[in-house]
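**Q** This is the structure I want to talk about, given as structure tokens.
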């Protein structure tokens, strides 16, 4: 089954954001203290790299948070 380019591009973007978040955490656990700092960093990255609208950025941030909390697995 062929995958649309928009969906794999979205997965690659989320994967990149997860990697940035993991580097920002530097081995620390994903808790309430780090959430705000990481969200701000990822939001600025999405604005500068891809110029995404606010709803899309919020969707990506929610997915990244679920991946970091191990509630969601990303298959790329």
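Residue numbers (the working numbering): 429 to 504.
Cβ coordinates follow ideal geometry from the N, Cα and C atoms, glycine included.
1) How many Å lie between residue 432 and residue 502 at the Cα?
2) Assuming residue 453 and residue 442 form a contact by the criterion Cβ under 8 Å, report the distance between their Cβ atoms to the nearest whole angstrom.
3) For residue 482, I'd like the list of residues in its chain whose CB is within less than 6 Å of its CB, leaving aside the five on either flank, ordered along the chain.
4) On the three-state DSSP scale, how would you describe residue 488?
5) Among residues of its own chain, excluding the 5 on either side of residue 499, which ones have a beta-carbon nearer than 7 Å to its beta-carbon?
**A** Inspection of the coordinates gives the following:
1) 16 Å
2) Going by Cβ atoms, the distance from residue 453 to residue 442 rounds to 16 Å, so no, they are not a contact pair.
3) none
4) helix
5) none
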